Amino acid sequence: MAANKSMFWRLIFQALRLRLQRVFIIFSALTVGASIVTAMAAVYFDINTKMSQELRTFGANFYIGAANGGLMKERQLKQILHNAPDNFITAASPYLYGVARSDLEKIVIMGVWFEDMHVLAPYWQITGSAINVNFDDRNAMIGKTLAERLNLGVGSKLKLSKNAVEKHEFTIKAIVEAGDATDNMLIVSLEFAQSWLDKEGLANNALLNVKNEQGNVAQFAQDIMQRQPDLTARPIRKVS
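Each number in my numbering corresponds to the 1-based position in the sequence shown with 33 added.
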């Protein structure tokens, strides 16, 4: 009788032990599964934001220019920026190009709003210090190729001459290597370029960096062209 009772309890304990092991395995499997689902959900719901942030590191992604290929007005861009949805535009600048005479040779100058260039052109490799204020007319940035041709470095002086009377001297604050036409240009404030080139309030085009979390970039371009028919607007690469 005692032996039978002992065997009975051993069977009971063994059954409970096996059942507990199975319960533990099932619970562990459910825990791992829940963790995977949670991780996948986090990736899924966050992927648009992260992709948008990564793509915006490539710089400008939206173009505005005159529909006839001529010049646009700076005030048109300012009106567009004013009417844009909140937090939709992260950076913007008009661009004005022209030829100026330096002490050594004729050069191409590019007028910009300096404040947003670190967002619009994050790929620029800068030696020296970037200019961060739009109204700086004492300092300039110069493309690497042009700097080498004119034998200029950071801290060098470069004088422009419009005629026998009008002259302007810049201090080279930074050398820019962009890997494009910018390497052959002198980069100055838009206000100075407009004055020096006698194109007050004008620009060749404008570049923006915009968001597309709501998928509204195409509508933004349409709104611009409807409100200002003399302009053309379009994404210049996929916007996320």
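Using N, Cα and C, we set each Cβ at its ideal position, and we do this for glycine too.
All values derive from a computational prediction rather than experimental measurement.
Give the DSSP-derived three-state secondary structure of residue i in the structure shown.
i, result
"serine 228", "helix"
"phenylalanine 121", "coil"
"lysine 195", "coil"
"alanine 93", "coil"
"isoleucine 269", "coil"
"isoleucine 80", "With a pLDDT of only 38 at isoleucine 80, under 50, the local geometry of the prediction cannot be trusted, and no value is derived from it."
"glutamate 107", "helix"
"glutamate 202", "strand"
"glutamate 210", "strand"
Can you give me the start and stop residues for the alpha helix (DSSP H) that residue i sits inside?
i, result
"isoleucine 257", "250 to 260"
In its own chain, which residues sit with a C-beta less than 8 angstroms from the C-beta of residue i, not counting the 5 before and 5 after it?
i, result
"asparagine 101", "Asp263"
"lysine 200", "Lys192, Leu193 and Ser194"
"tyrosine 156", "Phe91, Gly92, Ala211 and Gly212"
Considering Cα atoms alone, identify which of the options is closest to residue i.
i, options, result
"asparagine 249", "Phe121, Gly176, Gln261 and Asn242", "Phe121"
"leucine 104", "Trp146, Phe147 and Lys232", "Lys232"
"histidine 115", "Phe253, Val221 and Gly212", "Phe253"
"leucine 241", "Ala99, Ile113 and Leu219", "Ile113"
"threonine 123", "Ala180, Val243 and Leu219", "Val243"
"leucine 235", "Gly98, Ile97, Glu107 and Tyr96", "Glu107"
"arginine 182", "Leu219, Thr265, Trp146 and Ala197", "Leu219"
"threonine 160", "Phe168, Gly188, Val198 and Glu148", "Gly188"
"phenylalanine 168", "Ser228, Arg134, Pro118 and Ala251", "Ser228"
If you drop the 5 nearest sequence neighbours on each side, which residues of the same chain put their C-beta closer than 7 angstroms to that of residue i?
i, result
"leucine 185", "Ile175, Leu191 and Ile205"
"lysine 177", "Ile208, Val209, Glu210 and Asp216"
"histidine 151", "Ala163"
"proline 127", "Glu107, Leu110, Trp146, Leu223, Ala236 and Ala239"
"aspartate 149", "Ala124, Ala125 and Ser126"
"valine 166", "Phe147 and Glu148"
Only counting the same chain, and skipping five residues up and downstream in sequence, which positions put a Cβ closer than 6 angstroms to that of residue i?
i, result
"aspartate 256", "none"
"alanine 226", "Leu129, Ile142 and Gly144"
"arginine 260", "none"
"lysine 139", "Val132"
"aspartate 170", "Ser222 and Phe225"
"glutamine 158", "Glu210"
"alanine 154", "Gly92"
"phenylalanine 203", "Ala173 and Leu191"
"leucine 179", "Asn217"
"phenylalanine 95", "Leu241, Val243 and Pro268"
"leucine 278", "For the chain, the structure presents residues 34 to 273; residue 278 sits outside this window and is missing."
"tyrosine 77", "Since pLDDT at tyrosine 77 reaches only 39, below the 50 mark, its modelled position is unreliable, and the value read off the structure follows with that caveat. Result list for tyrosine 77: empty, nothing under 6 angstroms."
"arginine 270", "Asn94"
Check for me: the beta strand (DSSP E) holding residue i runs from which residue to which?
i, result
"valine 243", "238 to 243"
"leucine 219", "218 to 222"
"glycine 144", "139 to 145"
Does any CB atom of chain C fall closer than 7 angstroms to the CB of residue i?
i, result
"aspartate 263", "The structure shown contains no chain C; it is built from a single protein chain."
Taking only runs that begin and end inside the segment 161 to 188, name each unbroken beta strand (DSSP E) of 3 or more residues, in chain order.
Entirely contained in the segment 161 to 188, the beta strand (DSSP E) runs reaching 3 residues are, in chain order, 172 to 176.
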